[in-house]
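Oh and the sequence shown: position 270 is 273 in our numbering, straight run, nothing missing.
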Amino acid sequence: MTVEEIDRSLKQFYAEARNKEGENYSRATLLSLRNGIERFLNTPPNNLGIKFTKDPRFVLSNQMLDAKIKQLKKEGMQNTIHKPPIDKEDIAKLKTSEVFSLTKPLSLLRNVWFHVSLFWCRRGFEGQRNLKKTSFTFETDAAGCQFVTMTHDEKTKNHPGGISEVESFEKNGRMYKTNSQADGYSALEFFLTKLNPECDALFQYPKRNWRPSDQVWYENRPLGVNKLSTTMKEISKEANLSRIYTNHSVRATAITLWANAGLSDREIMAISGHRSEASLRSYHQQPSVNQLRKCSDVLTVALSEDERIDALTGLQYTAARYPLQHLPCQSSTVNSSISANISFPTTAPTSTYSDMFNSCTIGNVNITFNQ
(Lines of atoms letter the chains of each structure in order from A and count residues from 1; the text may use other names and numbers.)
(Lines give C-alpha, C1' and ligand atoms only; values in the text may rest on other atoms or scores of the structure.)
Protein backbone atom coordinates (compact mmCIF):
# COMPACT_ATOMS: atom_id res chain seq x y z
CA MET A 1 0.00 0.00 0.00
CA THR A 2 1.09 3.54 -0.73
CA VAL A 3 1.09 6.24 1.94
CA GLU A 4 -1.99 7.80 0.33
CA GLU A 5 -3.82 4.49 0.48
CA ILE A 6 -2.88 4.05 4.15
CA ASP A 7 -4.19 7.56 4.87
CA ARG A 8 -7.54 6.84 3.20
CA SER A 9 -7.84 3.48 4.98
CA LEU A 10 -7.12 5.06 8.33
CA LYS A 11 -9.71 7.76 7.67
CA GLN A 12 -12.35 5.11 6.99
CA PHE A 13 -11.24 3.06 10.00
CA TYR A 14 -11.54 5.99 12.42
CA ALA A 15 -14.99 6.80 11.08
CA GLU A 16 -16.37 3.24 11.28
CA ALA A 17 -14.49 1.58 14.17
CA ARG A 18 -16.85 0.03 16.75
CA ASN A 19 -16.50 -2.49 19.57
CA LYS A 20 -18.27 -5.85 19.61
CA GLU A 21 -21.36 -4.21 21.16
CA GLY A 22 -21.54 -1.83 18.21
CA GLU A 23 -20.55 1.21 20.29
CA ASN A 24 -17.89 3.83 19.55
CA TYR A 25 -14.46 3.33 21.03
CA SER A 26 -13.31 5.82 23.65
CA ARG A 27 -10.71 8.49 22.94
CA ALA A 28 -8.00 6.52 24.76
CA THR A 29 -8.80 3.35 22.78
CA LEU A 30 -8.73 5.15 19.44
CA LEU A 31 -5.35 6.68 20.23
CA SER A 32 -4.04 3.29 21.37
CA LEU A 33 -5.24 1.70 18.12
CA ARG A 34 -3.53 4.43 16.10
CA ASN A 35 -0.27 3.91 18.00
CA GLY A 36 -0.51 0.15 17.55
CA ILE A 37 -0.98 0.46 13.79
CA GLU A 38 1.96 2.86 13.63
CA ARG A 39 4.21 0.44 15.52
CA PHE A 40 3.19 -2.39 13.21
CA LEU A 41 4.04 -0.38 10.10
CA ASN A 42 7.41 0.69 11.51
CA THR A 43 8.63 -2.78 12.53
CA PRO A 44 10.00 -5.53 10.26
CA PRO A 45 9.21 -6.49 7.61
CA ASN A 46 7.40 -3.18 6.88
CA ASN A 47 9.93 -0.66 8.24
CA LEU A 48 8.07 2.34 6.80
CA GLY A 49 9.43 4.82 9.34
CA ILE A 50 6.24 6.93 9.42
CA LYS A 51 4.74 9.13 12.14
CA PHE A 52 0.99 9.67 11.85
CA THR A 53 0.92 12.75 14.07
CA LYS A 54 3.70 14.64 12.30
CA ASP A 55 3.56 13.47 8.70
CA PRO A 56 1.50 15.92 6.56
CA ARG A 57 0.63 13.08 4.19
CA PHE A 58 -1.82 11.77 6.83
CA VAL A 59 -3.84 14.97 7.04
CA LEU A 60 -7.15 13.33 6.01
CA SER A 61 -6.99 10.56 8.61
CA ASN A 62 -5.84 12.97 11.32
CA GLN A 63 -8.72 15.31 10.56
CA MET A 64 -11.17 12.41 10.79
CA LEU A 65 -9.66 11.23 14.12
CA ASP A 66 -9.84 14.78 15.50
CA ALA A 67 -13.46 15.11 14.44
CA LYS A 68 -14.31 11.71 15.94
CA ILE A 69 -12.75 12.64 19.30
CA LYS A 70 -14.61 15.95 19.35
CA GLN A 71 -17.85 14.09 18.71
CA LEU A 72 -17.08 11.71 21.58
CA LYS A 73 -16.59 14.69 23.90
CA LYS A 74 -19.89 16.15 22.75
CA GLU A 75 -21.56 12.85 23.63
CA GLY A 76 -19.78 12.69 27.00
CA MET A 77 -17.62 9.70 26.04
CA GLN A 78 -14.20 11.29 25.68
CA ASN A 79 -12.80 11.12 29.19
CA THR A 80 -10.87 8.10 30.31
CA ILE A 81 -12.46 6.43 33.34
CA HIS A 82 -9.62 5.85 35.78
CA LYS A 83 -9.91 3.10 38.34
CA PRO A 84 -10.83 4.77 41.65
CA PRO A 85 -8.74 4.30 44.79
CA ILE A 86 -10.43 2.52 47.68
CA ASP A 87 -12.27 4.99 49.93
CA LYS A 88 -11.01 5.47 53.48
CA GLU A 89 -14.26 4.11 54.91
CA ASP A 90 -13.97 0.98 52.79
CA ILE A 91 -10.37 0.47 53.91
CA ALA A 92 -11.65 0.60 57.50
CA LYS A 93 -14.22 -2.08 56.62
CA LEU A 94 -11.52 -4.33 55.21
CA LYS A 95 -9.50 -4.06 58.43
CA THR A 96 -12.30 -5.58 60.49
CA SER A 97 -13.87 -7.83 57.86
CA GLU A 98 -13.62 -11.61 57.95
CA VAL A 99 -12.66 -11.42 54.28
CA PHE A 100 -9.02 -11.04 55.44
CA SER A 101 -9.14 -13.55 58.29
CA LEU A 102 -6.04 -15.72 58.79
CA THR A 103 -8.12 -18.69 59.94
CA LYS A 104 -9.40 -19.86 56.53
CA PRO A 105 -7.59 -20.70 53.27
CA LEU A 106 -9.60 -18.34 51.04
CA SER A 107 -9.53 -15.33 53.37
CA LEU A 108 -5.81 -15.87 54.06
CA LEU A 109 -5.16 -15.98 50.32
CA ARG A 110 -7.09 -12.73 49.81
CA ASN A 111 -5.24 -11.08 52.67
CA VAL A 112 -1.85 -11.90 51.15
CA TRP A 113 -2.97 -10.98 47.63
CA PHE A 114 -4.21 -7.58 48.80
CA HIS A 115 -1.07 -6.71 50.77
CA VAL A 116 1.24 -7.83 47.96
CA SER A 117 -0.75 -5.79 45.43
CA LEU A 118 -0.82 -2.74 47.72
CA PHE A 119 2.75 -2.65 49.03
CA TRP A 120 4.34 -3.43 45.66
CA CYS A 121 1.83 -1.27 43.79
CA ARG A 122 0.94 -3.93 41.23
CA ARG A 123 -1.18 -3.41 38.13
CA GLY A 124 -4.35 -5.45 37.78
CA PHE A 125 -3.22 -9.06 37.63
CA GLU A 126 0.05 -8.32 35.81
CA GLY A 127 2.73 -10.81 36.76
CA GLN A 128 0.78 -12.27 39.67
CA ARG A 129 0.41 -15.65 38.02
CA ASN A 130 4.22 -15.79 37.78
CA LEU A 131 4.90 -15.06 41.46
CA LYS A 132 6.44 -17.99 43.29
CA LYS A 133 6.95 -18.99 46.88
CA THR A 134 10.56 -17.86 46.47
CA SER A 135 9.59 -14.41 45.12
CA PHE A 136 9.87 -12.82 48.57
CA THR A 137 12.54 -12.76 51.23
CA PHE A 138 12.34 -11.83 54.91
CA GLU A 139 15.09 -9.50 56.11
CA THR A 140 16.07 -7.12 58.92
CA ASP A 141 17.24 -3.55 58.36
CA ALA A 142 20.07 -1.70 60.15
CA ALA A 143 17.67 -0.52 62.86
CA GLY A 144 16.66 -4.09 63.67
CA CYS A 145 13.21 -3.81 62.05
CA GLN A 146 11.90 -6.85 60.18
CA PHE A 147 10.53 -6.51 56.67
CA VAL A 148 9.76 -8.54 53.55
CA THR A 149 10.84 -7.58 50.05
CA MET A 150 10.90 -9.08 46.55
CA THR A 151 13.81 -11.17 45.36
CA HIS A 152 13.73 -10.46 41.64
CA ASP A 153 12.96 -7.85 39.00
CA GLU A 154 9.90 -8.46 36.86
CA LYS A 155 9.04 -7.65 33.30
CA THR A 156 6.25 -5.08 33.53
CA LYS A 157 4.35 -2.75 31.24
CA ASN A 158 6.68 0.18 31.91
CA HIS A 159 9.83 -1.93 32.22
CA PRO A 160 9.80 -4.69 29.58
CA GLY A 161 13.58 -5.06 29.55
CA GLY A 162 15.99 -4.65 26.67
CA ILE A 163 19.05 -2.49 26.03
CA SER A 164 17.03 0.74 26.24
CA GLU A 165 15.53 -0.19 29.61
CA VAL A 166 15.43 2.47 32.34
CA GLU A 167 16.47 1.18 35.77
CA SER A 168 13.50 0.19 37.89
CA PHE A 169 13.25 -0.06 41.69
CA GLU A 170 9.81 -1.68 41.84
CA LYS A 171 11.14 -4.79 43.57
CA ASN A 172 12.64 -2.65 46.36
CA GLY A 173 9.25 -2.06 47.96
CA ARG A 174 9.16 -3.18 51.59
CA MET A 175 6.42 -4.43 53.89
CA TYR A 176 7.49 -4.03 57.51
CA LYS A 177 6.37 -6.15 60.45
CA THR A 178 4.11 -4.35 62.93
CA ASN A 179 2.67 -5.16 66.34
CA SER A 180 -0.47 -6.54 64.74
CA GLN A 181 -0.72 -10.29 64.35
CA ALA A 182 -2.84 -9.84 61.20
CA ASP A 183 -0.59 -7.41 59.31
CA GLY A 184 0.67 -8.15 55.81
CA TYR A 185 4.05 -9.39 57.03
CA SER A 186 2.56 -11.93 59.42
CA ALA A 187 -0.10 -13.00 56.90
CA LEU A 188 2.51 -13.71 54.21
CA GLU A 189 4.77 -15.51 56.67
CA PHE A 190 1.92 -17.77 57.81
CA PHE A 191 0.58 -18.19 54.27
CA LEU A 192 3.89 -19.62 53.04
CA THR A 193 3.75 -22.36 55.68
CA LYS A 194 0.34 -23.53 54.45
CA LEU A 195 1.10 -23.70 50.71
CA ASN A 196 1.24 -27.00 48.85
CA PRO A 197 4.91 -28.10 48.67
CA GLU A 198 4.32 -29.73 45.28
CA CYS A 199 3.40 -26.40 43.61
CA ASP A 200 5.87 -23.52 43.13
CA ALA A 201 3.22 -20.83 42.51
CA LEU A 202 2.57 -18.30 45.26
CA PHE A 203 -1.18 -18.15 44.68
CA GLN A 204 -2.73 -21.62 44.80
CA TYR A 205 -6.32 -22.84 44.85
CA PRO A 206 -7.69 -23.20 48.41
CA LYS A 207 -8.70 -26.73 49.35
CA ARG A 208 -12.42 -27.40 49.38
CA ASN A 209 -12.22 -29.98 52.12
CA TRP A 210 -9.84 -28.85 54.83
CA ARG A 211 -9.44 -28.61 58.58
CA PRO A 212 -7.68 -25.85 60.56
CA SER A 213 -5.22 -28.47 61.85
CA ASP A 214 -4.16 -29.47 58.30
CA GLN A 215 -0.52 -28.77 57.46
CA VAL A 216 -1.45 -27.89 53.86
CA TRP A 217 -4.44 -25.66 53.05
CA TYR A 218 -3.99 -25.38 49.27
CA GLU A 219 -4.17 -27.63 46.22
CA ASN A 220 -1.34 -28.58 43.92
CA ARG A 221 -2.42 -26.15 41.20
CA PRO A 222 -1.92 -22.40 40.76
CA LEU A 223 -4.69 -19.85 40.45
CA GLY A 224 -5.19 -18.92 36.81
CA VAL A 225 -4.95 -15.43 35.32
CA ASN A 226 -8.73 -15.13 34.95
CA LYS A 227 -9.32 -16.07 38.57
CA LEU A 228 -6.71 -13.61 39.80
CA SER A 229 -8.17 -10.82 37.67
CA THR A 230 -11.43 -10.81 39.66
CA THR A 231 -9.94 -10.99 43.16
CA MET A 232 -10.71 -7.40 44.22
CA LYS A 233 -14.22 -7.63 42.79
CA GLU A 234 -14.88 -10.69 44.95
CA ILE A 235 -13.36 -8.99 48.00
CA SER A 236 -15.59 -5.94 47.42
CA LYS A 237 -18.73 -8.07 47.37
CA GLU A 238 -17.72 -10.24 50.32
CA ALA A 239 -16.81 -7.25 52.51
CA ASN A 240 -19.90 -5.29 51.39
CA LEU A 241 -17.86 -2.28 50.29
CA SER A 242 -19.50 0.87 48.96
CA ARG A 243 -18.66 -0.07 45.37
CA ILE A 244 -17.14 -2.89 43.36
CA TYR A 245 -13.43 -2.17 43.03
CA THR A 246 -11.08 -3.72 40.49
CA ASN A 247 -7.55 -5.03 40.98
CA HIS A 248 -6.15 -1.81 39.56
CA SER A 249 -7.93 0.14 42.31
CA VAL A 250 -5.45 -1.34 44.79
CA ARG A 251 -2.57 0.18 42.82
CA ALA A 252 -4.42 3.50 42.67
CA THR A 253 -4.94 3.30 46.44
CA ALA A 254 -1.23 2.91 47.15
CA ILE A 255 -0.31 5.86 44.93
CA THR A 256 -3.07 8.05 46.40
CA LEU A 257 -2.09 7.26 49.99
CA TRP A 258 1.57 7.99 49.26
CA ALA A 259 0.72 11.27 47.55
CA ASN A 260 -1.61 12.39 50.36
CA ALA A 261 1.12 11.57 52.89
CA GLY A 262 3.46 14.02 51.16
CA LEU A 263 5.77 11.64 49.28
CA SER A 264 7.25 13.22 46.17
CA ASP A 265 6.44 11.95 42.69
CA ARG A 266 10.04 10.79 42.37
CA GLU A 267 9.74 8.64 45.50
CA ILE A 268 6.43 7.16 44.38
CA MET A 269 7.69 6.43 40.86
CA ALA A 270 10.58 4.43 42.31
CA ILE A 271 8.07 1.86 43.61
CA SER A 272 5.14 2.26 41.20
CA GLY A 273 7.37 1.89 38.14
CA HIS A 274 5.96 4.93 36.32
CA ARG A 275 8.35 6.50 33.86
CA SER A 276 6.85 10.01 33.86
CA GLU A 277 5.25 12.27 36.45
CA ALA A 278 2.40 13.05 34.04
CA SER A 279 1.23 9.41 33.95
CA LEU A 280 1.54 9.21 37.73
CA ARG A 281 -0.65 12.26 38.41
CA SER A 282 -3.65 10.66 36.71
CA TYR A 283 -3.95 8.43 39.79
CA HIS A 284 -4.11 11.10 42.47
CA GLN A 285 -5.14 14.34 40.78
CA GLN A 286 -8.84 13.72 41.37
CA PRO A 287 -10.27 14.84 44.75
CA SER A 288 -11.02 12.19 47.36
CA VAL A 289 -14.47 11.44 48.77
CA ASN A 290 -13.67 13.43 51.92
CA GLN A 291 -12.46 16.37 49.86
CA LEU A 292 -15.64 16.33 47.79
CA ARG A 293 -17.72 16.18 50.98
CA LYS A 294 -15.79 19.15 52.37
CA CYS A 295 -16.40 21.12 49.17
CA SER A 296 -20.13 20.48 49.58
CA ASP A 297 -19.98 21.63 53.21
CA VAL A 298 -18.32 24.90 52.22
CA LEU A 299 -21.05 25.67 49.68
CA THR A 300 -23.78 24.71 52.13
CA VAL A 301 -22.35 27.14 54.65
CA ALA A 302 -22.25 29.93 52.06
CA LEU A 303 -26.02 29.53 51.53
CA SER A 304 -26.83 29.73 55.24
CA GLU A 305 -29.14 32.30 56.82
CA ASP A 306 -28.42 32.41 60.57
CA GLU A 307 -24.73 33.17 61.09
CA ARG A 308 -22.90 30.99 63.55
CA ILE A 309 -19.16 30.37 63.64
CA ASP A 310 -18.06 26.78 63.98
CA ALA A 311 -15.03 26.47 66.29
CA LEU A 312 -13.36 23.90 64.04
CA THR A 313 -13.51 25.54 60.63
CA GLY A 314 -14.40 29.19 61.18
CA LEU A 315 -17.20 28.77 58.65
CA GLN A 316 -20.72 30.18 59.04
CA TYR A 317 -23.51 27.65 59.51
CA THR A 318 -27.31 27.87 59.56
CA ALA A 319 -29.36 26.31 62.35
CA ALA A 320 -32.36 25.62 60.13
CA ARG A 321 -30.60 24.34 57.00
CA TYR A 322 -27.53 22.78 58.55
CA PRO A 323 -28.45 21.38 62.00
CA LEU A 324 -25.77 20.87 64.61
CA GLN A 325 -25.84 17.09 64.45
CA HIS A 326 -24.73 17.27 60.81
CA LEU A 327 -21.75 19.55 61.35
CA PRO A 328 -18.32 18.12 60.46
CA CYS A 329 -17.56 18.43 64.20
CA GLN A 330 -19.89 15.47 64.84
CA SER A 331 -17.33 12.88 63.73
CA SER A 332 -14.13 14.84 64.23
CA THR A 333 -11.47 14.75 66.91
CA VAL A 334 -9.23 17.78 67.30
CA ASN A 335 -5.99 17.20 69.15
CA SER A 336 -4.60 20.70 68.81
CA SER A 337 -5.81 23.63 70.91
CA ILE A 338 -8.51 25.72 69.22
CA SER A 339 -9.74 29.04 70.58
CA ALA A 340 -12.88 30.74 69.30
CA ASN A 341 -15.54 33.15 70.50
CA ILE A 342 -19.12 32.01 69.90
CA SER A 343 -22.10 34.23 70.75
CA PHE A 344 -25.59 32.95 71.67
CA PRO A 345 -28.69 34.67 73.01
CA THR A 346 -29.15 34.18 76.80
CA THR A 347 -32.58 32.64 76.23
CA ALA A 348 -31.16 29.54 74.55
CA PRO A 349 -31.57 26.29 76.54
CA THR A 350 -28.47 25.02 78.33
CA SER A 351 -28.61 21.60 76.63
CA THR A 352 -27.86 23.22 73.26
CA TYR A 353 -24.25 23.78 74.19
CA SER A 354 -23.56 20.22 75.27
CA ASP A 355 -25.23 18.82 72.15
CA MET A 356 -23.25 21.13 69.92
CA PHE A 357 -19.93 19.41 70.57
CA ASN A 358 -21.23 15.88 70.92
CA SER A 359 -18.55 13.25 70.07
CA CYS A 360 -15.86 15.94 69.67
CA THR A 361 -12.68 16.68 71.58
CA ILE A 362 -12.03 20.43 71.57
CA GLY A 363 -9.70 22.39 73.79
CA ASN A 364 -9.75 26.01 75.02
CA VAL A 365 -13.10 27.16 73.63
CA ASN A 366 -14.33 30.45 75.06
CA ILE A 367 -18.11 31.10 74.90
CA THR A 368 -19.37 34.64 75.50
CA PHE A 369 -23.06 35.28 76.18
CA ASN A 370 -24.74 38.52 75.08
CA GLN A 371 -26.46 40.34 77.96
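Built from N, CA and C at the ideal position, the CB exists for glycine as well.
Sub-8 Å separation of residue i and residue j beta-carbons
i    : j    : result
F135 : L205 : Looking at the sequence provided, one finds Lys at residue 135 rather than Phe. Against a cut-off of 8 Å, the Cβ pair of L205 and K135 comes out as a contact.
D90  : S245 : yes
L121 : V304 : no
Y188 : C148 : no
N223 : C202 : yes
L75  : N22  : no
V119 : S110 : no
G39  : N45  : no
K71  : A18  : yes
F139 : R177 : no
A264 : P88  : no
F43  : N50  : no
Cβ neighbours of residue i in the same chain (closer than 8 Å, five flanking residues each side left out)
i   : result
E7  : R60
K96 : A242, N243 and L244
Among the options, nearest to residue i - alpha-carbon criterion
i    : options                  : result
E142 : T154, Q131 and A70       : T154
V228 : G187, Y208 and P215      : Y208
M67  : L191, T249, E192 and L33 : L33
F193 : N114, K73 and K86        : N114
A273 : L105, C124 and E78       : C124
Q131 : D144, L112 and A146      : L112
F117 : D186, T56, K57 and A145  : D186
L1   : N212, P215 and Y221      : No information on residue 1 is available, as it lies outside the stretch 4 to 374 that the chain covers here.
N293 : T5, D93 and R126         : D93
Element boundaries [beta strand (DSSP E), containing residue i]
i    : result
T140 : F139 to T143
F150 : Q149 to M153
T222 : The sequence given here has Glu at residue 222, not Thr. Run containing E222: Y221 to P225, per the beta strand (DSSP E) assignment.
Span of the alpha helix (DSSP H), counted from its first residue to its last, around residue i
i    : result
A108 : Residue identity differs from the one stated: residue 108 is Pro in this sequence, not Ala. Residues P108 to F122.
M272 : D268 to S275
Q74  : V62 to K77
Y188 : G187 to K197
Same chain, Cβ closer than 6 Å to residue i, neighbours up to 5 away in sequence not counted
i    : result
V219 : N199
Check: residue i C-beta below 7 Å from any heavy atom of the ligand MG
i    : result
K135 : Judged by which ligands are present, the structure shown has none, so any question about the ligand MG falls away.
Beta-carbon proximity list for residue i, same chain, < 7 Å, skipping 5 on both sides
i    : result
L231 : F128, Q131, R132 and F206
*Three or more C-beta pairs closer than 8 Å, one from the region 227-239 and one from the region 258-267: is that the case here?*
no
_Check whether the region 60-78 and the region 4-21 are in contact - that is, three or more C-beta pairs closer than 8 Å._
yes
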